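Residue numbering for the sequence shown follows this note's numbering, beginning at 4 and increasing consecutively.
The beta carbon of each residue, even a glycine, is placed where N, CA and C say it ideally should be.
Keep in mind it's a predicted model, so treat the numbers as computed, not measured.
Written out below as structure tokens is the structure these notes cover.
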Amino acid sequence: MYAFPPPPQQLTILNFPVPALTPVSSGFVGPYSSPLDGFHLLASLTAGDDLPPKTNDDVVNGIPASNSFSSPTFTRLNSGRPDNNSLLNLDRVERILDANTIQLKRTGVVRLAMVRMPGTTGNFQFPDCFTFSPSYKIRQLIPKSTAVRVQMVGSASTPNNNNPPTVVLIRDDDSLNVNRELIRTGFAKVTKASVRTLIESEQQTITLDLDELLALQNQAQANGLGIFLRCDAESSERSDGGGISNLPVVEARFEPLERTMETVWTDDGGKLQLRTQTSKDATGPPNNPGDAKGCSDFKTYEDALRWFEKYEPYYGDVAKLDRDGDGVPCPGLPHTSDGNLNRMKIPKTGVTMGR
Numbered sequence: 004m005y006a007f008p009p010p011p012q013q014l015t016i017l018n019f020p021v022p023a024l025t026p027v028s029s030g031f032v033g034p035y036s037s038p039l040d041g042f043h044l045l046a047s048l049t050a051g052d053d054l055p056p057k058t059n060d061d062v063v064n065g066i067p068a069s070n071s072f073s074s075p076t077f078t079r080l081n082s083g084r085p086d087n088n089s090l091l092n093l094d095r096v097e098r099i100l101d102a103n104t105i106q107l108k109r110t111g112v113v114r115l116a117m118v119r120m121p122g123t124t125g126n127f128q129f130p131d132c133f134t135f136s137p138s139y140k141i142r143q144l145i146p147k148s149t150a151v152r153v154q155m156v157g158s159a160s161t162p163n164n165n166n167p168p169t170v171v172l173i174r175d176d177d178s179l180n181v182n183r184e185l186i187r188t189g190f191a192k193v194t195k196a197s198v199r200t201l202i203e204s205e206q207q208t209i210t211l212d213l214d215e216l217l218a219l220q221n222q223a224q225a226n227g228l229g230i231f232l233r234c235d236a237e238s239s240e241r242s243d244g245g246g247i248s249n250l251p252v253v254e255a256r257f258e259p260l261e262r263t264m265e266t267v268w269t270d271d272g273g274k275l276q277l278r279t280q281t282s283k284d285a286t287g288p289p290n291n292p293g294d295a296k297g298c299s300d301f302k303t304y305e306d307a308l309r310w311f312e313k314y315e316p317y318y319g320d321v322a323k324l325d326r327d328g329d330g331v332p333c334p335g336l337p338h339t340s341d342g343n344l345n346r347m348k349i350p351k352t353g354v355t356m357g358r
């Protein structure tokens, strides 16, 4: 006597014949190894181990599937360590804003941690023969759409903190540490805030070592690399690949940035925001306008500033709009009435309110 009806030779569902099932392994469906109908299959199933979780071995276009950009949430890389702040997020470069600031697709605007390209208005004196744009090297290392791994350093940006978060960027295809490479090639210096950054990040696994960075900086300076270029005959004749003179010359003034960071002052104080630069002719610099314009030809300070920013990077202040050379053209003109277009009159050496 059967405990269950014997297995039929053929099972009919909604009048569609179903052929006999292929014998299956008893390791999956219990003791049965003969063709099974649906009822016997359900009766024979036993509890087993869950399927293994999906791992980062599943790759989509070189990026782990769990971190694909099509994912509605931004997850972290599985690096074999606990899921904490030390794990690295995947992201892509949207654009280079300046030599120290990058806009990422997911994370937004960030600044490089522990390293910085000096500004032209600071105490650092660039060599006269240094003709490269400050952002030349970082544009070369991580051009637009480059996949990078991002490690936040220190306290993350909050709504009450308008400074972009500082990060370490690791190029995803070859694991190149971008912060370290800028120091090694002489296109950045170790920042004075590095010690404080390390203290703030003591609970994280920092992928930068302060002593190593200082050693690399000293080595770049000794070899005359990057911003430490020596403008003497010996340096210019070097052919061993150690100096910058062997790289293609890129004039800094002809590499305008698409966007830049600007401090906007409101009733609540100052905050940083992105500002789109005046568009440039893709075929080359604009024609020299000469001194055809004067401050009386502009109705607002913003109009004068737009004209000044269009031509000054290429030809200097040909119209003499900035007579004291502080970077503020026609300071006596009133501001525009459109608050969205308002630009602060900020001299190169500081901030002047109420001019």
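Return yes when the Cβ of residue j is within less than 8 Å of the Cβ of residue i, no when it is not.
i    : j    : result
E315 : R346 : no
L144 : N182 : no
P332 : A295 : no
L361 : P130 : In the structure as shown, the chain starts at 4 and stops at 358, and residue 361 therefore has no counterpart that could be examined.
L109 : D94  : A small correction: the amino acid at residue 109 is Arg; Leu does not occupy that position in the sequence shown. Against a cut-off of 8 Å, the Cβ pair of D94 and R109 comes out as a contact.
S148 : V112 : no
G189 : A225 : no
Since residue i is in the alpha helix (DSSP H), which residue starts that stretch and which ends it?
i    : result
L308 : Y304 to Y318
Q220 : L213 to N226
Identify whether residue i lies in helix, strand or coil by the three-state DSSP scheme.
i    : result
D325 : coil
F257 : With a pLDDT of 37 at F257, under the threshold of 50, the modelled position of this residue cannot be trusted, and the question is left open.
K140 : helix
N343 : helix
I105 : strand
D94  : strand
I230 : helix
D131 : coil
I349 : coil
Relative to the alpha-carbon of residue i, which residue among the options has its alpha-carbon at the smallest distance?
i    : options                   : result
G227 : A196, I186 and D212       : I186
L344 : L324, T303, G335 and D320 : T303
G335 : D341, T149 and D325       : D325
N291 : E312, F301, S299 and D300 : E312
G293 : Y317, V321 and A307       : V321
L179 : K323, P289, A150 and K192 : A150
R174 : Q154, A191 and T188       : Q154
C132 : H338, C234 and D300       : C234
D214 : K323, M117 and G122       : M117
I349 : D329, S340 and V193       : D329
K323 : C298, F127, A196 and F135 : C298
D176 : A102, R152, A218 and P289 : R152
P167 : D327, Y318 and I105       : I105
D327 : K351, F127, V193 and T339 : K351
L216 : G229, V193 and I230       : V193
F135 : L91, V156, V170 and A191  : A191
M120 : Y318, P337 and I230       : I230
N103 : R142, Y317, Q220 and L91  : R142
A196 : L172, E184 and V156       : V156
L100 : Y139, Q128 and D300       : Y139
Using a Cβ-Cβ distance under 8 Å, would residue i count as near chain B?
i    : result
K140 : Among the chains of the structure shown, chain B does not appear; only one protein chain is present.
Hey, could you find the ends of the beta strand (DSSP E) residue i is sitting in?
i    : result
R152 : A150 to V156
R187 : Segment V181 to R187 is the alpha helix (DSSP H) holding R187; no beta strand (DSSP E) there.
G111 : G111 to L115
L172 : T169 to R174
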